[in-house]
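Q:
In my numbering, the protein residues as written are 424 to 578.
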């Protein structure tokens with residue numbers, strides 16, 4: 424049920440508190456979530472934050488949820504590492520053709536902020552100059568990639 428927290432429900436507010444609040448607030452919010460949900464019934468919006476919740480709560484080793492939250496964090500790290508290693512072939516091709524690029528959004532922020540693993544990466548976002556978009560699409564297609572948004576960028 425929405426409350427005065429920008430339309431977010433109690434579950435969402437507690438998930439954000441567990442992920443980003445002070446340690447005491449985070450642990451308290453996590454316990455409120457766990458009073459209502461097991462890991463099996465954890466809603467997606469909470470499950471996606473489990474890596475960050477692990478990192479933020481710093482639960483003691485004896486806490487019954489610590490290993491599962493740590494597992495979510497480690498799983499996110501492995502998944503992200505595999506995604507990044509998979510994109511290297513495409514980045515090598517852009518390098519070979521002299522097409523400048525930037526890795527942006529989740530992957531870049533995670534690496535830069537040393538928070539890699541706190542959230543699961545859905546994809547790797549690569550930005551190129553508008554002048555290089557067509558060449559980059561072609562180069563990436565040559566090595567087996569396809570753009571997520573294949574519309575034309577020349578308008």
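All residues carry an ideal CB built from backbone N, CA and C; glycine is no exception. Fair warning: this is a prediction, and the values are worked out from it, not measured in the lab.
(1) Taking the continuous alpha helix (DSSP H) assigned at residue 456, which residues delimit it?
(2) Can you tell me whether DSSP reads residue 507 as helix, strand or coil?
(3) Give me the Cβ distance between residue 479 and residue 438, rounded to the nearest whole Å; I'm assuming they're in contact under 8 Å.
(4) Touching or not, the segment 513 to 530 and the segment 471 to 478, by the rule of three or more beta carbon pairs under 8 Å?
(5) Would you list the one or two residues that DSSP bridges to residue 477?
(6) Could you check what DSSP says for residue 518 in three-state terms: helix, strand or coil?
(7) Is the beta carbon of residue 546 sitting closer than 8 Å to the one on residue 527?
(8) Inspect the beta-carbon positions of residue 529 and residue 544 and report whether they are closer than 8 Å.
(9) Rounded to whole angstroms, what is the Cα-Cα separation between residue 468 and residue 493?
(10) Going by DSSP in three states, residue 432 sits in which element: helix, strand or coil?
(11) Start and end of the alpha helix (DSSP H) containing residue 549?
A: Walking through what the data contain:
(1) The count along the chain shown starts at 1 and reaches residue 456 at position 33. Run containing residue 456: 446 to 459, per the alpha helix (DSSP H) assignment.
(2) Along the chain shown, one-based indexing puts residue 507 at 84. In the structure shown, residue 507 sits in a helix (DSSP, three-state: H, G or I).
(3) Taking the first residue of the chain shown as 1, we reach residue 479 at position 56. Taking the first residue of the chain shown as 1, we reach residue 438 at position 15. In fact, because the Cβ distance is near 11 Å, the residues do not count as touching under 8 Å.
(4) Verdict: no, contact absent.
(5) One-based indexing of the chain shown puts residue 477 at position 54. Residue 477 has no beta-bridge partner at all, per DSSP.
(6) Against the chain shown, residue 518 aligns to sequence position 95. Of the three classes helix, strand and coil, the one that applies to residue 518 here is helix, per DSSP.
(7) Here residue 546 is taken as the residue at index 123 of the chain shown, counted from 1. Here residue 527 is taken as the residue at index 104 of the chain shown, counted from 1. Not a contact, by the Cβ cut-off of 8 Å.
(8) Taking the first residue of the chain shown as position 1, residue 529 is located at position 106. Taking the first residue of the chain shown as position 1, residue 544 is located at position 121. It is a contact, given that the beta carbons lie within the stated cut-off.
(9) Here residue 468 refers to the residue found at position 45 when the chain shown is read from its first residue. Here residue 493 refers to the residue found at position 70 when the chain shown is read from its first residue. When rounded, the distance between both Cα atoms is 17 Å.
(10) The residue you call residue 432 lines up with position 9 of the chain shown. Taken through DSSP and simplified to helix, strand or coil, residue 432 comes out as strand.
(11) Taking the first residue of the chain shown as 1, we reach residue 549 at position 126. Here residue 549 belongs to no alpha helix (DSSP H); instead the beta strand (DSSP E) covers 548 to 551.
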